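In my numbering, the protein residues as written are 2 to 317.
Beta carbons: idealized from backbone N, C-alpha and C, even for Gly.
A quick note: this is a predicted structure, and the numbers were derived from the prediction, not measured.
The block underneath contains the structure these notes are about, expressed in structure tokens.
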Ligand code: UDP
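Following this line, the structure appears as structure tokens:
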């Protein structure tokens, strides 16, 4: 297959490029480099089966030749209040890439008669009242809250994808990605795993926002990429959750990272650290991925964190 990946120089996009190249496909990666980095794809430079185009997909996309699949992964994704690449600092770009970027990417898929796969998110469930979250849950999102720039952009992107499926017969897929971590997630991204690991490597206390009782479920990036590859090869058009169902509190995550990295500095609770509408709990129901795709995560949280720590310590 010849595959187009928007956000191809990003955290997940670059791992997808690696995976599809390893499977014998060729990849064209498009990225504006607003949040992505060429460092994530430097190792692919010069390969005849890989091509990088610097372009913002919120503007019209022109690509030569035929494609078998278009994977739309371009978007800021960090809810950090302070990180310059977080979506709260890039609210208009985030809405544009979810709306116009998805429209342009779907347009390419339609014109090339290619499959289309949308990177959606557990954020479509908002601060959920149903727990764990099944794909059938409609979510609880404040349409004018600060996180809405990401949540509503992705919800619109899902609606647009389904409209192209229903109206134009484009062969679409939607993956709802839960918290994912691993090498190439930028150290200054502001999300909890790179923040904590960066702090642990400097032997500083880990900044736990609020009282740390809020929960998340963390998936190692290789597991996520495997789920996405299986979804692409399936015939499912409705959204599918991909994530790790092991749910832990942020305080527990901090203590695991401190233990694995040997950081003696402990934690520091930051009372006003949580963003407005920061979900209190999040865990995917992955029954659909298990039954439909034969997928479930294989890498334990501890093993994944060790791999992330190894990666970040080499950067330092
Ligand atoms: N968080 C934290 N300390 C940090 C960064 C994040 O306690 O240094 C918390 C944050 O408030 C949230 C959880 O960790 O409750 C996960 O945040 P992240 O930014 O990774 O992504 P989210 O799951 O909210 O999209």
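Whole-number beta carbon distance between residue j and residue i, since they are thought to touch under 8 Å
i: residue 240; j: residue 136; result: 5 Å
i: residue 28; j: residue 51; result: 5 Å
i: residue 179; j: residue 263; result: Not really, about 28 Å apart at Cβ, beyond 8 Å.
i: residue 211; j: residue 274; result: 6 Å
i: residue 233; j: residue 116; result: 7 Å
i: residue 35; j: residue 91; result: 7 Å
i: residue 247; j: residue 294; result: No, residue 247 and residue 294 are not in contact; Cβ-Cβ is about 19 Å, not under 8 Å.
i: residue 109; j: residue 62; result: 5 Å
i: residue 158; j: residue 119; result: 6 Å
Endpoints, beta strand (DSSP E) assigned at residue i
i: residue 243; result: 241-243
i: residue 171; result: Segment: none, residue 171 is in no beta strand (DSSP E) and carries neither H nor E.
i: residue 53; result: 51-55
i: residue 248; result: 248-250
i: residue 3; result: 3-7
i: residue 217; result: 216-218
i: residue 231; result: That residue, residue 231, is in no beta strand (DSSP E); its alpha helix (DSSP H) goes 222-234.
i: residue 308; result: Premise fails: residue 308 lies in the alpha helix (DSSP H), 302-316, not in any beta strand (DSSP E).
i: residue 72; result: 70-73
i: residue 28; result: 27-32
i: residue 270; result: 268-271
Of the residues the options, the one placed nearest residue i, counting alpha carbons only
i: residue 279; options: 123, 75, 289, 182; result: 123
i: residue 73; options: 174, 38, 139, 83; result: 174
i: residue 40; options: 63, 11, 17; result: 11
i: residue 171; options: 104, 138, 85; result: 104
i: residue 96; options: 110, 77, 114; result: 77
i: residue 289; options: 155, 134, 205, 214; result: 134
i: residue 203; options: 267, 190, 167, 213; result: 267
i: residue 300; options: 292, 108, 90, 309; result: 309
i: residue 196; options: 20, 255, 23; result: 255
i: residue 22; options: 35, 44, 32, 34; result: 44
i: residue 156; options: 128, 121, 130, 112; result: 121
i: residue 75; options: 182, 64, 60, 98; result: 98
i: residue 58; options: 18, 253, 94; result: 94
i: residue 84; options: 14, 193, 63; result: 193
i: residue 162; options: 101, 56, 4, 26; result: 101
i: residue 265; options: 37, 201, 316; result: 201
i: residue 114; options: 142, 207, 169, 6; result: 169
i: residue 183; options: 276, 222, 259, 87; result: 222
i: residue 277; options: 107, 117, 145, 231; result: 145
i: residue 152; options: 237, 107, 79, 284; result: 79
i: residue 287; options: 55, 304, 177, 271; result: 177
i: residue 42; options: 148, 154, 19; result: 19
i: residue 68; options: 154, 5, 207; result: 5
i: residue 250; options: 89, 269, 218, 107; result: 218
i: residue 325; options: 291, 190, 259; result: Outside the displayed span of the chain (2 to 317) sits residue 325, for which this structure offers no information.
i: residue 298; options: 292, 215, 132, 227; result: 227
i: residue 32; options: 303, 47, 60; result: 60
i: residue 24; options: 3, 8, 141; result: 3
i: residue 88; options: 30, 128, 154; result: 154
Bounding residues of the alpha helix (DSSP H) (the contiguous stretch that carries residue i)
i: residue 122; result: Unbroken run through residue 122 is the beta strand (DSSP E), 116-122; no alpha helix (DSSP H).
i: residue 210; result: No alpha helix (DSSP H) contains residue 210, which is instead part of the beta strand (DSSP E) from 207-210.
i: residue 18; result: 12-23
i: residue 98; result: No alpha helix (DSSP H) contains residue 98, which DSSP labels as neither H nor E.
i: residue 202; result: 193-202
Go through the stretch 101-166 residue by residue and report every complete run of the beta strand (DSSP E) that reaches 3 residues or more, in order. 116-122
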